[in-house]
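Count along the sequence shown starting at 1, add 853, and that's the number in the working numbering.
For each residue, glycine too, the CB sits at the ideal point set by N, CA and C.
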Amino acid sequence: MMAPGRRSSTFTRLLRHGFTDPSAAERLLESAELAHIRDDPVLLDALGGTADPDLALHGLVRMLEAQCGPTARRELLDTVIAAKPLRDRLLGVLGASAALGDHLARHPSDWHALVMYEPRDLHPGVEEFEHGLAEAHDPVSLRVAYRRCLLSIAARDVCGTTDLAQTAAELADLATATLRAALALARAAAPDDAALCRLAVIAMGKCGGHELNYVSDVDVIFVGEAAEGADEGKAVRAATRLASHLMRICSETTVEGSIWPVDANLRPEGRNGPLVRTLSSHLAYYQRWAKTWEFQALLKARPVAGDAELGEQYIAALEPLVWQVAERENFVTDVQKMRRRVVENIPVAEVERELKLGPGGLRDVEFAVQLLQLVHGRADASLRSGTTLDALQALAAGGYVGRADAVQLDDAYRFLRSMEHRIQLYRLRRTHLVPEGEADLRRLGRSLGLRADPVAELTREWKRHTGVVRRLHEKLFYRPLLDAVAQLSPTLEFTRAGGPPSGETRLSPEAARERLIALGYADPAAALRHLEALASGVTRKAAIQRTLLPVMLGWFADSADPDAGLLNFRKVSDALGKTPWYLRLLRDEGAAAENLARVLSAGRLAPDLLMRAPEAVALLGDGDGGGLEPRGRAHLEQEILAAVGRAGGAAQAVTAARGVRRRELFRTAAADIVRSYGTEAQQAEDDQGALVDRVGAAVSDLTAATLAGTLRAVVRETWGDTLPTRFAIIGMGRFGGHEQGYGSDADVLFVHEPCEGVEEREASQAAAKVVSEMRRLLQLPSADPPLLVDADLRPEGKSGPLVRTLTSYEAYYRRWSLTWEAQALLRAEPVAGDEELGRRFVELIDPLRYPRAGLGDDAVREIRRLKARMESERMPRGADPKLHTKLGPGGLSDVEWTVQLLQMRHGAQVPGLRTTRTRAALAAARAAGLLPDEDAAVLDEAWVLATRVRNAVMLVRGRAGDTFPSEVRELGAVGRYLGYGPGHVGDMLDDYRRTARRSRGAVDELFYGG
C-alpha cells in the first residue's frame, strides 16, 4: 500500500509525458476498456506525443465505450498498439480536436478511415473526396461523410504528412466535392428545375484560392443560363431555387451539425442583388458598376461545381476586367482604405488577438500580395494565381518582391495559418482569435511542435511573425521601387561568392513605372529620379532614407498629390540631409516621419513655409506631438520682444519678428494638417469646430504678437523707449474676433492720445510715422510671408486719416457714425500697444455696438439693405454663388450678419453676446433663447464648414480663396483635408451645398424675416 502523500509511479510517468491532470488520467487508464494495455509503454509514449494527452486519452476511452462489443473494442486496441501509422493518426486527431473526438464517439467505426496508408491516401484530390461522399443520399448522411473525409485530412495534418499549403488545398478540394454533392441532392429533389437551367457554381475567397480553412464560410457566386429551348426568366428562377437549396443543404444545422455556411454575398450588389444572374448580367454589372474590391475578390474566382462549360465562360469573360482594374483612378488608395476599414471594425478588446484581420495578421499578407498581383499581373501572366503562397512565390521569381522578404513573409504566413487551423480544429468552430486560457494556449503550442515551454514559445513565435508581417506589409509594395533606382557600390552588390547578396531581382523600369502610376503618381519618371537621388549611394544619409522611404511612399500615396510630397521630401532632405539631428529625428521618432509626409503632400503653404527654414521640421517630432501645440500669445510676445531687443535696428528687428511668425504659421498649419488627416496612432479630429477655433486663435495671437514686436521696433528706432503719444492697435474683423485664417489680412484701427505736455500736432505726426513705418516693414519683400495691415474700417474709410486721437474717434462716432460702422465695431478688440488706451477705446464704442435701446426699425432695415446690396454687387463674376464660402447663400457673411444683428439688438441686455467671436455669440444667443437650438446648430455647422474650406484652399494652393479650386488635384486635396476619401469630391461639394442651403433657410427666417 502506498504511503500517504506519496505519488504512484504512474502519476509521475503521466506528468513526464505531458498530462496536466494525472489523477484523472490514472483513473481512465484503470478503466475496464484499457485493462489489457494500460501498462503498455507504447500507448503512453504515443499519448505523450499529442497536442493534449489528457484530451487524447479521454477521446480514446469514449471511442472504446462506443464500440458495439468486446470484439470491436479488442480490434481497435490491437490495431492502435500494433499499427504505428494508425496510432499516430488517431491519437494525434484525438489530442488536437475535441469535435472530431465527438464524431468518432458518435460513429465508432469511422476510425477505419485512418487505417489505410496507401500512396493514393497521402494527397487525395477532388476525385477521391467525391468517392468518399458518393454514398450520401441526404443532408444528414452528407454531413457524416464530410466529417469522415475531414478526419483523414486532419490526421495527415497533425502527423505532419501534409504541410499547411497541402492541407488547405485538400480542404478546398473537399469543399468542391461537397458543393457538387449538395448540388446533386438539390437537382435530384427538383428534377423539373434542373431540366430548365444550366447552373455554374464559382468558388471565391479561400475556397476559390485553393487555400481553405478547417471552418470557414465558403464564398460562391452563381451563374445561370437557360437550357436549350427554355425561357430565360423561368430558367433563372429555377436556378435560384437550386442554388438556395444547395446553400441550405450545406449551411443548415441537423443532428450531425452543419458543414459550413455557403456565403453568396460577394455577388453583384451583395445581399441586395439576385442570387443567380446570367453571364451577360454579370458582365454588364462588372463593366459598369463594380467597385475596386469586387475585382480584387475575382482574383480567386474558380468554377467548382455545376455546368463546367458555363463556369469557364464566366472566368474567360471577367478575367480581362480583373487585370484592367489597376488602371482605375485611386486604385491603390481604394484597396488600402478597405484594409484600414477592416482593421477599424475589429472590437478594441480583440485587436491584439485577431490572427486574420488585425495588424500584422493574415489579411495584411493577402492584401499586399493581391495589390501587387493586380498592378503587375496585367503584363505578367505568371502572377495570376488565386493562391496566396503561389502568388507570393511568383512575385519573388519575377523580381516584384525581394526574395528575402518573400521567404520571411512565406514563413510568417504559414505559421499564422497553422495557428488558425489548429485553433479552429479544436472545436471545429469558425474563429480567428488566439485563445486566452493557459490550457488552450498550451495545446495550441504543442500542436505546432513547441514542447519545452509551449505557452511562452508560442507567444514569442506568434509576436515575431506578426512583427515581420507588419514590417513587410508596407515594404513589400514600396521597397522594390528603391531597389530599381538605388545605385549601390559594386562592393555591396555582390557577396564573396560572387552573387547578389540575397538573390534580389530588381523591378524593370516599366514595372516600377506601373507601380508608381497605380500609387497615384502623375509623373512616374520624375518620381523615379527623386527616389534615385534620395536612395542611391553608400552614405549614412542614403541608408537611412532607404529605410524610411518605403513607408513614406505609402503616406505620400495616401494624399491627393503624391508627386508633390516626394518632391518636397527631396528638397527638405537636400537642405538638411547632412544634419545629424534630422536623420535621427526621422529614424527614431515614427511620428516625425509620418507627420512630415502628411505635411509635405497636403498642399503648397506648409511646404513653402518649411522650405524657407527647413530646421522647423524639428517641430514635427517633439515627444507626443508637443511640438505641434500652438504657443499662447504671452509666450509668442515674449519671444518676439526679446528678439526685437537683440536686433541692431528696426528693419532687422522686424525681420526677426517675421521669422518667428513664419515658424509659428508652419507649426499651426502642420498641426492642422496632421489633426485633419489623422495618423496611424491617432484618428483624425472629429470636432471640426475645435479645429477651426484652434487655427483662428493661433493665427490671431501670432498676428497680435507680431504687431506688438513691430511697434516696439519702430518706436525704439526713432524715439527710444518713449513715444510722444500713447498708442494702441485695435483688432477688427476676423483679427479682432480671433478667427483669422492662414491668408487673412490684419484688419485694425490705430488710436493715440498725446502724452502730457506734447502738442497734438507733434503727437499726430509721430503716430502717423509709426503706422506708416510698421506697414512698410511688415510688407518688405523677404523669404518670410508679408503681413498686410488693413485700416480701411477706420472712420471715413480710405479717405480718413490712418490714425486718430481717442477724442477724434469720440467726436466722429457721436456725430457721423453710420449703422454699418457700429456693426463693424462688434469685432473691435485691443491687440497691441497701450493697454489703458485700448480699454478706454472699448468703453467709448460699447454704447454704439450694444445700444441700450436695441436697434430701431430704420437701423434694421438699413442693415438688411446693405446686406442685400453686398450679395448682388460683390460676388465675383463667373463664381458659383452656391459654392462661394464668404458671400454665397448660407456662407460666412450670412451667418455673421445674422449673429451681429442679434448682438446689436440684444447685446445690452445679454452679457454673453458682448464678445467679438462669432461662435461664442451664437452659443450665447442660443442659451438666451433668441433663436431655436436647431437653427443655431445649422448656422454653426455652416460657419465652421465654410471656414474650414477657406483654410483648406489656402493650405492647398498657397494663396487665399473663397471658393473651391477647379483643378482636379487641388480639389482632391481640399477634400482629403475635410475628411473625404479619394473619388469623393462630388460628395464634398454636395455636402457643402446642402449645409449652405439649410443655413440660408435659417438666415432668411432670422435675418430677413424677424
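In angstroms, rounded to a whole number, what distance separates the CA positions of residue i and residue j?
i: leucine 1163; j: valine 1076; result: 8 Å
i: aspartate 1416; j: glutamate 1682; result: 44 Å
i: alanine 1053; j: alanine 1534; result: 46 Å
i: histidine 870; j: alanine 1371; result: 56 Å
i: alanine 1732; j: valine 1115; result: 55 Å
i: glutamate 918; j: leucine 887; result: 10 Å
i: glycine 1082; j: tyrosine 1167; result: 21 Å
i: alanine 1621; j: leucine 1655; result: 7 Å
i: arginine 1511; j: valine 1601; result: 18 Å
i: alanine 809; j: proline 1333; result: Outside the modelled stretch of the chain, which goes from 854 to 1863, sits residue 809, for which no answer is possible.
i: alanine 1849; j: glycine 1743; result: 4 Å
i: alanine 1706; j: glutamine 1762; result: 9 Å
i: alanine 927; j: serine 884; result: Note on residue identity: the sequence assigns arginine, not alanine, to residue 927. Answer to the nearest angstrom: the Cα atoms are 14 Å apart.
i: alanine 1523; j: leucine 1449; result: 8 Å
i: threonine 1348; j: valine 1254; result: In this prediction, threonine 1348 scores a pLDDT of 28, lower than 50, which makes its location untrustworthy; no coordinate-derived value is stated.
i: glutamine 1137; j: alanine 1143; result: For the sequence presented, residue 1137 should be read as alanine rather than glutamine. Rounded to whole angstroms, alanine 1137 to alanine 1143 spans 9 Å at the Cα level.
i: threonine 924; j: serine 1300; result: 33 Å
i: glycine 1123; j: glutamate 1147; result: 10 Å
i: proline 1634; j: alanine 1509; result: 14 Å
i: threonine 1769; j: isoleucine 1199; result: 45 Å
i: leucine 840; j: tyrosine 1830; result: Nothing can be reported for residue 840, as the shown portion of the chain is limited to 854 through 1863.
i: alanine 1860; j: threonine 1800; result: Sequence check: residue 1860 is phenylalanine here, not alanine. Each residue's alpha carbon lies about 21 Å from the other.
i: leucine 1740; j: alanine 1096; result: 59 Å
i: valine 1068; j: threonine 1020; result: 13 Å
Could you tell me if residue i is buried or exposed, where buried requires 16 or more neighbouring beta carbons within 10 angstroms of its beta carbon?
i: aspartate 1540; result: exposed
i: glutamine 1618; result: exposed
i: histidine 1591; result: buried
i: arginine 1680; result: buried
i: proline 1044; result: exposed
i: lysine 1059; result: buried
i: proline 1483; result: buried
i: glutamine 1140; result: exposed
i: serine 1235; result: exposed
i: threonine 1575; result: exposed
i: histidine 965; result: exposed
i: serine 1271; result: buried
i: aspartate 813; result: No information on residue 813 is available, as it lies outside the stretch 854 to 1863 that the chain covers here.
i: valine 946; result: buried
i: cysteine 1002; result: buried
i: glutamate 1517; result: buried
i: proline 992; result: buried
i: histidine 889; result: exposed
Looking only at DSSP bridge pairs, what is residue i linked to?
i: arginine 1579; result: Glu1606
i: arginine 1565; result: Paired residue(s): none; arginine 1565 is not in a bridge.
i: glycine 1686; result: Ala1581
i: glycine 1159; result: Ala1053
i: isoleucine 1074; result: Ile1055
i: threonine 1107; result: Gly1110
i: glutamate 1865; result: This structure cannot speak to residue 1865, because the chain is shown only from 854 to 1863.
i: alanine 1599; result: Val1642
i: threonine 1240; result: Beta-bridge pairing links threonine 1240 to no other residue.
i: alanine 1232; result: Answer is none; alanine 1232 lacks a bridge partner.
i: threonine 1658; result: His1605
i: arginine 1130; result: Val1076
Does the pairing of the region 1175-1187 with the region 1075-1090 give three or more beta-carbon distances under 8 Å?
no
Can we say the region 1104-1118 touches the region 988-997, given the rule of at least three CB pairs closer than 8 Å?
yes
Taking contact to mean 3 or more Cβ pairs, one atom from each stretch, closer than 8 Å, check whether the region 1826-1841 and the region 1772-1780 are in contact.
no
Suppose only complete runs of 4+ residues qualify. What are the alpha helix (DSSP H) ranges in the region 1766-1831, listed by chain order?
1771-1780, 1786-1810 and 1821-1830
Those runs of the alpha helix (DSSP H) which lie wholly inside the region 1701-1757 and span at least 4 residues:
DSSP runs (the alpha helix (DSSP H)) wholly in the region 1701-1757: 1710-1726.
Is it the case that the region 1292-1307 contacts the region 898-910, given that we only count it when at least three CB pairs across the two stretches are under 8 Å?
yes
Between the region 1147-1156 and the region 1168-1177, do at least 3 Cβ pairs fall closer than 8 Å?
yes
Three or more C-beta pairs below 8 Å linking the region 1244-1262 and the region 931-946:
no
When you compare the region 1199-1215 with the region 1277-1288, are there three or more beta-carbon pairs, one atom per stretch, that lie closer than 8 Å?
yes
So, do the region 1300-1313 and the region 980-989 have three or more beta carbon pairs nearer to each other than 8 Å?
no
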